[in-house]
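Read the structure below first, then the notes.
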Amino acid sequence: MRHAITALGIAVAVVAIYLAVQLFTPPPAEPDLGPQKSSAAGLFTVALAPEREPVPMNALHGWTVTVTTPDGAPVTDATLAIDGGMPAHGHGLPTAPTVGGHLGEGRYRVEGMRFNMGGLWELRVRVETPRGGDEAVFDLML
Amino acid sequence: MPGRRVLLGVLPALALLAACDPTALDEAERETVIGLSLSALPALPEDPSNRVADLPAAAAFGATLFFDTRLSADGRVACATCHQIDRQFQDDRPRGEGLGLTERRTMPLAGVAWSPFLFWDGRSDSLWAQALQPLEDPREHGFTRTALAHEIAARYGERYARIFGPLPALDHLPAAAGPRGSAAERAAWQAMAAADRAAVDRVFANAGKAIAAFERTLRHPETRFDRFAAALARGETPTGDAALDGLEREGLKLFIGKGACIDCHNGPRLTDEHFHNTGVPAVAGLPDDTGRAGAIGALETDPFNCLGPHSDAPAEACTALRFMVRQGAELVRAYKTPSLRGAASRPPYMHAGQYATLEAVIEHYATAPEPPAGRSELTGIVFTERGRKALIAFLKTLEP
Numbered sequence: 001m002r003h004a005i006t007a008l009g010i011a012v013a014v015v016a017i018y019l020a021v022q023l024f025t026p027p028p029a030e031p032d033l034g035p036q037k038s039s040a041a042g043l044f045t046v047a048l049a050p051e052r053e054p055v056p057m058n059a060l061h062g063w064t065v066t067v068t069t070p071d072g073a074p075v076t077d078a079t080l081a082i083d084g085g086m087p088a089h090g091h092g093l094p095t096a097p098t099v100g101g102h103l104g105e106g107r108y109r110v111e112g113m114r115f116n117m118g119g120l121w122e123l124r125v126r127v128e129t130p131r132g133g134d135e136a137v138f139d140l141m142l
Numbered sequence: 143m144p145g146r147r148v149l150l151g152v153l154p155a156l157a158l159l160a161a162c163d164p165t166a167l168d169e170a171e172r173e174t175v176i177g178l179s180l181s182a183l184p185a186l187p188e189d190p191s192n193r194v195a196d197l198p199a200a201a202a203f204g205a206t207l208f209f210d211t212r213l214s215a216d217g218r219v220a221c222a223t224c225h226q227i228d229r230q231f232q233d234d235r236p237r238g239e240g241l242g243l244t245e246r247r248t249m250p251l252a253g254v255a256w257s258p259f260l261f262w263d264g265r266s267d268s269l270w271a272q273a274l275q276p277l278e279d280p281r282e283h284g285f286t287r288t289a290l291a292h293e294i295a296a297r298y299g300e301r302y303a304r305i306f307g308p309l310p311a312l313d314h315l316p317a318a319a320g321p322r323g324s325a326a327e328r329a330a331w332q333a334m335a336a337a338d339r340a341a342v343d344r345v346f347a348n349a350g351k352a353i354a355a356f357e358r359t360l361r362h363p364e365t366r367f368d369r370f371a372a373a374l375a376r377g378e379t380p381t382g383d384a385a386l387d388g389l390e391r392e393g394l395k396l397f398i399g400k401g402a403c404i405d406c407h408n409g410p411r412l413t414d415e416h417f418h419n420t421g422v423p424a425v426a427g428l429p430d431d432t433g434r435a436g437a438i439g440a441l442e443t444d445p446f447n448c449l450g451p452h453s454d455a456p457a458e459a460c461t462a463l464r465f466m467v468r469q470g471a472e473l474v475r476a477y478k479t480p481s482l483r484g485a486a487s488r489p490p491y492m493h494a495g496q497y498a499t500l501e502a503v504i505e506h507y508a509t510a511p512e513p514p515a516g517r518s519e520l521t522g523i524v525f526t527e528r529g530r531k532a533l534i535a536f537l538k539t540l541e542p
């Protein structure tokens with residue numbers, strides 16, 4: 001019986017120490033690779049999708065951005081801009097892509113995207129509307 | 143399920159084997175290697191700015207012009223003087239030399255049509271626009287565009303006409319006049335009627351388009367590395383000269399792994415066709431060279447660029463220019479990543495032949511020196527002596 005209690009005590013201590021370590025170690029900055037994001041101030045929901053999969057390397061290609069309000073209504077009067085780079089390498093995109101006007105149902109076309117390295121990329125979509133602007137940030141692993 | 147059980151038995155055994163041989167490739171590495179092979183090269187990109195780009199007659203005419211020394215001020219310099227056919231279309235010198243000494247290393251030409259921007263700093267957006275520059279550079283051909291038009295009329299009139307239509311009237315034009323020539327040649331150019339200048343520019347551009355059609359036929363030869371990758375792609379064990387030895391495989395793993403060479407030297411040409419500041423030292427005594435940063439203005443004002451009057455492309459097809467990064471600190475002293483196919487047998491290295499050997503190149507990547515200007519993308523890598531040898535052994539597999 002005494003042995004059992006000691007064993008239990010040790011087990012509890014181990015679990016407690018494990019939890020404490022878990023609690024106080026900051027989680028590694030996991031890239032959030034989801035294709036849909038809330039913009040920083042929550043004004044919009046932004047989805048970003050490549051027109052070709054897998055995403056080609058070293059070739060110009062297009063993407064589609066879809067912008068809705070948080071409750072799902074398409075945003076049809078936005079002006080969009082896209083930018084990005086590789087934070088770990090400290091460089092931007094190798095091209096300066098452009099985003100065209102509204103195509104319907106909150107969709108906009110990005111032209112001139114190109115990736116020239118494998119690894120983690122960050123893409124920032126800036127959305128401006130007469131009611132305010134906001135930015136959504138995407139992570140992309142190539 | 144006996145088959146399954148056998149597989150289950152084999153897999154750990156294979157894993158064990160892989161663990162014993164440090165030069166064996168894992169599945170991800172195998173994929174990467176196959177992606178670097180020549181057979182993964184995409185189709186030849188179209189050049190909508192050059193309507194004769196894929197016309198065999200134009201390529202044949204372009205080949206003639208490429209080797210023609212009479213298209214120069216002293217009758218002795220052709221494209222082929224610096225871009226030598228038996229030397230991978232380069233000249234083994236630190237800096238190209240025609241009528242005078244240039245400031246940059248002559249670039250090899252195999253696979254050049256896959257590159258959206260030409261020159262070390264990418265100051266041309268097509269092969270035909272590129273070809274016009276050496277013709278009039280006083281250190282290269284030192285020729286003028288009216289002299290070129292006269293030369294074509296005198297010796298190639300019929301071939302020209304079959305491809306591009308009749309030549310304009312040229313007899314009344316000066317023998318040597320052009321906007322980049324001597325003071326007298328520039329003055330003669332200015333004195334010409336605007337319509338005559340436009341007509342001569344058209345002939346000049348067409349000569350470039352024929353040369354470009356020829357350059358589009360220059361392909362990378364298959365290398366030992368490609369035969370190795372092809373065997374991997376078929377799921378076979380490479381044999382004969384396709385089998386890379388331990389040192390070569392170790393170099394390959396370094397190249398695509400810890401050495402991070404593949405960050406920039408990627409794809410089947412082993413280049414990302416982009417511009418990077420890698421801290422390559424400046425050559426003492428040469429004028430300041432800002433690399434890509436200095437090329438943007440030249441590209442945008444080049445009358446022979448894709449948006450200019452001699453381009454055959456609608457504006458929206460000029461994608462290299464349309465989506466070009468025009469400013470930013472990253473452009474300073476950034477140079478185009480060279481293809482590493484055939485590099486082992488063509489020292490010296492870098493944009494002005496700064497390094498005489500591959501050993502010196504590897505030392506550069508190990509130390510990551512401070513750049514003369516801008517910010518280098520390199521951070522320095524610790525290589526063992528064996529690692530350096532291995533990388534060089536791997537680079538040598540990129541030879542036919």
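Just so you know, the protein sequences line up as chains A and B, in that order.
Counted from 1, the first sequence has number 87 at position 87 by our numbering; the numbering is strictly sequential.
Each number in our numbering comes from the position in the second sequence (counting from 1) with 142 added on.
Glycine included, C-beta positions come from ideal geometry on N, C-alpha and C.
Note that the coordinates shown come from a computational prediction; the quantities given were computed from them, not determined experimentally.
The DSSP-derived three-state label of I82/A is strand. Rounded to the nearest angstrom, the Cβ distance from P250/B to F231/B is 5 Å, consistent with a contact under 8 Å. Any Cβ of chain A closer than 8 Å to the Cβ of N447/B would place that residue at the interface, and such an atom is absent. The C-beta distance from A41/A to R468/B rounds to 30 Å, too long to fall under 8 Å, and the pair is not in contact. Of all residues in the region 180–199 of chain B, the ones placed with a Cβ closer than 8 Å to any Cβ belonging to chain A are P184, in chain order. For W63/A, the beta-bridge partners assigned by DSSP are P50/A, V110/A.
In chain order, R246, R247, W262, V422, Y477 place their CB closer than 7 Å to the CB of H493/B, counting only its own chain and leaving out the 5 sequence neighbours on each side.
G264/B is a Cβ neighbour of R434/B, given a cutoff of 8 Å. Around C224/B, the same chain offers D233, G238, T248 as residues with beta carbons nearer than 6 Å, after the five sequence neighbours per side are excluded.
The closest CA to that of P74/A, considering only N116/A, V46/A, R109/A, D83/A, is found on V46/A. Using a CB distance cut-off of 8 Å, T509/B does not count as an interface residue toward chain A. Annotated three-state conformation of S266/B is strand, per DSSP. Boundaries of the beta strand (DSSP E) harbouring W121/A: 120–129, taken from the DSSP string.
If you draw a straight line from the Cα of R124/A to the Cα of I82/A, it comes to about 6 Å. Shown here, Q36/A sits in a strand according to DSSP, grouped into three states. Within chain B, the residues whose beta carbon sits less than 8 Å from that of A96/A are F465, M466, V467, R468, listed in sequence order. When CB distances to chain B are screened at a threshold of 9 Å, the residues of the region 57–82 of chain A falling below it are M57, N58, A59, L60, in chain order. Going by beta carbons, E392/B and T539/B fall outside the 8 Å limit.
If you draw a 10 Å sphere on the C-beta of D134/A, you find 16 or more other C-beta atoms in it, and that means buried. In the three-state reduction of the DSSP assignment, F417/B falls in the strand class. The continuous alpha helix (DSSP H) containing A340/B extends over residues 336–357. Against D405/B, the close residues of chain A are M117, in the order they occur along the chain (beta-carbon pairs closer than 7 Å).
For P511/B, the closest of Q496/B, G253/B, T420/B by C-alpha to C-alpha distance is T420/B.
Using beta-carbon distances, G409/B counts as an interface residue toward chain A, with a partner under 8 Å.
Put simply, the backbone Cα of G350/B is about 10 Å away from that of A200/B. Apart from sequence neighbours up to five positions away, the residues of its chain that approach P410/B with a beta-carbon distance below 7 Å are L178, S179, L180, A182, L183, ordered along the chain. Chain A has a Cβ within less than 8 Å of the Cβ of E415/B. In this structure, DSSP gives T286/B a state outside helix and strand, which the three-state scheme calls coil. The bridge partners DSSP lists for K478/B are F417/B.
By the neighbour-count criterion, in which 16 or more other beta carbons inside 10 Å mark a residue as buried, S266/B falls on the buried side. Excluding five sequence positions before and after S453/B, the CB atoms of its chain that fall closer than 6 Å to its own CB belong to S191, given in chain order.
Under the DSSP assignment, D134/A falls in the beta strand (DSSP E) whose first and last residues are 132–141. Under the three-state reduction of DSSP, P513/B is assigned to coil, being neither helix nor strand. Per DSSP, reduced to three states, the secondary structure at G72/A is coil, with no helix or strand assignment. Judged by DSSP secondary structure, V175/B falls within the alpha helix (DSSP H) whose first and last residues are 169–177. G433/B is bridged by DSSP to A476/B.
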